[in-house]
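Below: one structure, written as structure tokens.
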Amino acid sequence: MIRYQGGSLEAFQEIYTQLAPGVRRYLKHLAGESEIADDLLQETFLQMHRSRAAYNPKYAVKPWVFGLARNVFLMHRRAARQWAKVHESREDLPEFSVLPEADRLGSKDEIRRGIARLASDQAEALLLHHEWGFSFEEIAGMLGISAAAARARASRGMADLRMALKSIQRARA
Amino acid sequence: MMDRSPKPPEALMRAIAQDLRPVRPSPQPLQLALRMVPLALLISSLILLAIGPRHDLSVLGPLLTWGASSAQFVLAITLVWIAAHESTPAGRLPRQVIYFAAIAASLVVVLVTLLTFSTSPAHEPLLRVPPRVNEMLRTSPWIMGFACGIGSTLAGGILILLFSRIFRNSLAIRPTVAGALYGAGAGLAINAGWRIACPVSTPWHALGAHGAAIIATAILGALIGRFSGSRRSQIGARRA
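Chains A and B supply the protein sequences, listed in that same order.
Take any residue in the first sequence, note its place counting from 1, add 344, and you have its number in our numbering.
Take any residue in the second sequence, note its place counting from 1, add 14, and you have its number in our numbering.
Pasting the structure below:
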């Protein structure tokens, strides 16, 4: 990031290559639609470029960019005033790999369905921690909550996911 | 996982390549907040030089004058520090911290007002002006309130202009909140100096004029934050 702030295009490409896939999946999780996620992904990196001077080396780059992606999504949602619409129009299930802690509990499809049933704040904390590997302190900085609250959301999310999986499996049986 | 094109799209690369001038990394939130100190001290000193210190300084003692003002000044820096955190995507503080700081700032202003009034209930606007003007201010106290309110708001406005420049790259998701925080910080910092010059300590004047000026600067900061936030999203939408 320091090289990128110094004007290196290659450094930007490296950052994009490393972070774009994860950021896209995160945006897909937030927005629920691939097309919107693709647009927001480009907007996230444009915002990052415009605001590259606002980056402080004290922060790790990954949570900073993910936090920025979240901001871009919320700005988009606010501008479009389509919160309800975005969620109602969720046609396909979010793309994320099966959580390591959950893969014993059900199939990939079941887990995706289970996560889609979780409260949005719990699902977000759960995925940020288990899927993208952020610490609870980093999640706290991104979401504007305390680290304890981030841990509680992720933990409640995992408990609710277990219950959702049981209910899905019962229904299938 | 369907991770599309890990390489940046050409349109994005073109946009990036258009402006690759080197930039300096942003300072840490505390360093950003401390940037207001020289200007705030300069403005306060000018106010003190212009109006002169209040006549009851000896009655109030150092704790209720310089001590209370220092506490307000530290609180002002804290508010701007929180605003700087709020403007960083990975550095936001819990919402409770913002509520706590806002309540603490309000309580400190009210407490300092009541303590000052109970120690020295000065209601005569004794200023270094011709006696005729002092008499006019005594018979029409609202003029003094108006002068303190407008003066503090304008002086705070100078600090807000500084902040709107410092925070021009702000990435706050709640720019209105961030703006209100640095606006309140600006108002509080100015009030910390102004209260040492103002000769009236009645609660209606201190809260109605000085307190209202802090609220006015908070609103001004919120409006500027909101404007720059919506401008940023418009630019983003246009470019995308």
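Think of the CB as a built atom: it goes at the ideal place given N, C-alpha and C, for glycine as much as any other residue.
When the beta-carbon positions are compared, Ala381 of chain A and Leu371 of chain A come within less than 8 Å of each other. Restricting attention to B:Pro22, B:Gly171, B:Leu53, the CA atom closest to the CA of Leu385 of chain A is found in B:Pro22. Taken through DSSP and simplified to helix, strand or coil, Ala517 of chain A comes out as coil. Going by C-alpha positions, Cys162 of chain B is about 15 Å away from Val123 of chain B. Interface residue (Cβ-Cβ distance to chain A less than 8 Å): Gln86 of chain B is not classified as such. In the DSSP assignment, Glu481 of chain A falls within the unbroken alpha helix (DSSP H) covering 480 to 487.
Neighbours of Ile346 of chain A across chain B, judged by C-beta separation under 8 Å: Pro39.
Val214 of chain B carries a coil assignment under DSSP once its states are collapsed to helix, strand and coil.
For the alpha helix (DSSP H) assignment, the uninterrupted runs of no fewer than 4 residues enclosed by the segment 132 to 216 of chain B are, from N- to C-terminal side, 145 to 153, 155 to 180, 189 to 211.
Contact with chain A is absent for Ile96 of chain B, since none of that chain's Cβ atoms lies less than 8 Å from the residue's Cβ. Chain-order list of chain B residues neighbouring Phe356 of chain A: Ile30, by C-beta distance under 7 Å. Asn205 of chain B and Val405 of chain A have their C-alpha atoms roughly 39 Å apart.
From the beta-carbon of Leu418 of chain A, the residues of chain B found nearer than 7 Å are Ile187.
The beta carbon of Arg35 of chain B sits closer than 8 Å to some beta carbon of chain A. Shown here, Met507 of chain A sits in a helix according to DSSP, grouped into three states. Among the residues of chain A, none has a CB under 7 Å from the CB of Thr190 of chain B; the nearest is roughly 11 Å distant.
Around the beta-carbon of Gly477 of chain A, fewer than 16 other beta-carbon atoms lie within 10 Å, marking it exposed.
Three or more Cβ pairs closer than 8 Å define a contact, and the segment 127 to 135 of chain B meets that threshold against the segment 216 to 223 of chain B. Secondary structure at Ala463 of chain A: coil, using DSSP grouped into helix, strand and coil. With distances taken between CA atoms, Phe160 of chain B lies nearest to B:Cys212 out of B:Cys212, B:Gln86, B:Asp33, B:Arg179.
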